[in-house]
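Chemist:
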Amino acid sequence: MIKVYLRYSILVLFLFPNALSSQELFIGISGGLSNYQGDLLNNISTLSQSRAVGGIYVQLYPFPYLSISGGFNFAKIGAADKFNVQPDLRARNLSFVSNLQEGYLTLQIDLFNYERIKITPYIFGGVALFHYNPYTYDTGGEKVFLHSLTTEAQGSPDYPEHPPYKLTNYSLPFGGGITYHVTQLISVGAQLGFRKTFTDYLDDVSTTYPDQETLLQYAGQKSVELTFRGDELNSSAPYPSSTGVRGDPNYKDWYYFTVIKLGVSLSGIHFKTGGKNFGYGNTQRKLSKKKISCPKF
123 MIKVYLRYSI
133 LVLFLFPNAL
143 SSQELFIGIS
153 GGLSNYQGDL
163 LNNISTLSQS
173 RAVGGIYVQL
183 YPFPYLSISG
193 GFNFAKIGAA
203 DKFNVQPDLR
213 ARNLSFVSNL
223 QEGYLTLQID
233 LFNYERIKIT
243 PYIFGGVALF
253 HYNPYTYDTG
263 GEKVFLHSLT
273 TEAQGSPDYP
283 EHPPYKLTNY
293 SLPFGGGITY
303 HVTQLISVGA
313 QLGFRKTFTD
323 YLDDVSTTYP
333 DQETLLQYAG
343 QKSVELTFRG
353 DELNSSAPYP
363 SSTGVRGDPN
373 YKDWYYFTVI
383 KLGVSLSGIH
393 FKTGGKNFGY
403 GNTQRKLSKK
413 KISCPKF
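Under the numbering used here, the letters of the sequence shown match residues 123 to 419, in that order.
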């Protein structure tokens, strides 16, 4: 997935330099906290189960108030029932962690013209493609990936209503932030971005408990052990009936990032294509007046 996004980014930057020649272009990095919301965690304000996220991005301004951003985020999400405030959910005793990779393309609208006002609030929205693979740790501390265990008998002929879930999906990112342009070349900012997904299996939890014997025959003993983990807290806790609620499929999972961003303008750099030099935006023109030599490629 990352290779595909990189190829498209290179095509945009190098096959269409004429379209970009008069625009402002930034590249940058971001880092902060990642969170998840779903069957194992409903509170979006929690910090106790936050993980880390880092990313890179490219931002192009075709107009003063409007920009297009594309980039990649590398994050970790997770949650555990042991932190839940509801006793029945703590007794369920499920947990998950997942590494998550995301490529995105968004449209950003600034409240002010950043060339005139250094501090600029903004909103954004777009589309993203992400990959995840939930895992947990068994009673022996061994890392176990959950997708292949089909903990809700996904794909079993006895449960046609539980199809296997895909590990690569798309989401709709949206949110807002604020940018401070320290100089013509450097900007810093803070951003809160939500991702609406169309899967309920970020945490490997969605519907009901499958029949124990059916699951044992279909997926094996390890799947039975990690489908119901209440007996790890209470050895007398019975395996739930096949109609027992494990999750709520009516509400899809979310993930979101709270990050600090650092951007650098490429306006002073020239790209040489077909015997012509292409610069970016106002900063390039100001630098050229000062006769400061710029690197050429």
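Beta carbons: idealized from backbone N, C-alpha and C, even for Gly.
Keep in mind it's a predicted model, so treat the numbers as computed, not measured.
Please state whether DSSP places Gly342 in a helix, a strand or coil.
Modeler: Your numbering for residue 342 matches position 220 in the sequence shown. In the three-state scheme derived from DSSP, where H, G and I count as helix and E and B as strand, Gly342 is classed as coil.
Chemist: So what does DSSP say about Lys265, is it helix, strand or coil?
Modeler: Counting from one through the sequence shown, the residue named residue 265 turns up at place 143. DSSP places Lys265 in strand when its eight states are reduced to three.
Chemist: Rounded to a whole number of angstroms, what is the C-alpha to C-alpha distance between Leu338 and Asp280?
Modeler: Here residue 338 is taken as the residue at index 216 of the sequence shown, counted from 1. Here residue 280 is taken as the residue at index 158 of the sequence shown, counted from 1. Roughly 12 Å between the two C-alpha positions.
Chemist: For Ser143, which of helix, strand or coil comes out of DSSP?
Modeler: As a working note, residue 143 is residue 21 in the sequence shown. Confidence at Ser143 is low in this model, with a pLDDT of 48, below 50, so the placement of that residue should be treated as unreliable; the coordinate-derived value is given next. The answer is coil: DSSP assigns Ser143 none of H, G, I, E or B.
Chemist: Could you check which residue in Gly153, Gly352 and Ser364 has the C-alpha nearest to that of Thr261?
Modeler: Here residue 261 is taken as the residue at index 139 of the sequence shown, counted from 1. Taking only the C-alpha atoms, the option nearest Thr261 is Gly352.
Chemist: Quick check on Phe218: buried or exposed, where buried means 16 or more other Cβ atoms within 10 Å of its Cβ?
Modeler: Residue numbering aside, residue 218 sits at position 96 when the sequence shown is read from its first letter. So Phe218 counts as buried.
Chemist: Looking only at DSSP bridge pairs, what is Phe218 linked to?
Modeler: As a position in the sequence shown, residue 218 is number 96, starting the count at 1. DSSP output for Phe218 lists Ala201 as bridge partner(s).
Chemist: Let me make sure I understand the geometry here. Which of Ser328, Phe252 and Gly311 has the alpha-carbon closest to that of Leu283?
Modeler: Position 161 of the sequence shown, counted from the first residue, corresponds to residue 283. The question names Leu, but residue 283 is Glu in the sequence shown. Here the closest residue by C-alpha is Ser328.
Chemist: Please name the residue, chosen from Phe350, Lys318 and Gly342, that lies closest to Thr330 on a Cα-to-Cα basis.
Modeler: To locate residue 330, count along the sequence shown from 1; it is residue 208. Cα-wise, what sits closest to Thr330 is Phe350.
Chemist: Does the pairing of the region 299–315 with the region 375–387 give three or more beta-carbon distances under 8 Å?
Modeler: yes
Chemist: Taking Ala275 as part of the beta strand (DSSP E), name the residues at either end of that continuous run.
Modeler: Position 153 of the sequence shown, counted from the start, is the residue given in the question as residue 275. Premise fails: Ala275 is in no beta strand (DSSP E) and is neither H nor E.
Chemist: Please say whether Gln313 and Val249 have beta carbons closer to each other than 8 Å?
Modeler: What you label residue 249 is simply residue 127 of the sequence shown in a count that begins at 1. What you label residue 313 is simply residue 191 of the sequence shown in a count that begins at 1. Contact: no.
Chemist: Is the Cβ-Cβ distance between Leu229 and Gly247 less than 8 Å?
Modeler: Within the sequence shown, residue 229 is the residue found at index 107, counting from 1. Within the sequence shown, residue 247 is the residue found at index 125, counting from 1. Contact: yes.
Chemist: In the DSSP assignment, what are the bridge partners of Tyr302?
Modeler: Here residue 302 refers to the residue found at position 180 when the sequence shown is read from its first residue. For Tyr302, which the question treats as bridged, DSSP gives the partners Ile241 and Val310.
Chemist: CA-CA distance, Lys398 and Ser156?
Modeler: Translated into the one-based positions of the sequence shown, residue 398 becomes position 276. Translated into the one-based positions of the sequence shown, residue 156 becomes position 34. Annotation note: pLDDT 45 at Lys398 (below 50); position unreliable, coordinate value reported separately. Within the model, the alpha-carbon separation for Lys398 versus Ser156 is close to 43 Å.
Chemist: From which residue to which residue does the beta strand (DSSP E) around Lys387 run?
Modeler: As a first step, residue 387 must be located in the sequence shown, where it is residue number 265. Before going further, note that residue 387 is Ser rather than Lys in the sequence given. Judged by DSSP secondary structure, Ser387 falls within the beta strand (DSSP E) whose first and last residues are Trp376 to Ser387.
Chemist: Excluding sequence positions up to five away, which residues of its chain have a Cβ less than 7 Å from the Cβ of Lys265?
Modeler: Along the sequence shown, read from residue 1 onward, the residue named residue 265 stands at position 143. Cβ neighbours of Lys265 beyond the five flanking positions: Tyr257 and Tyr259.
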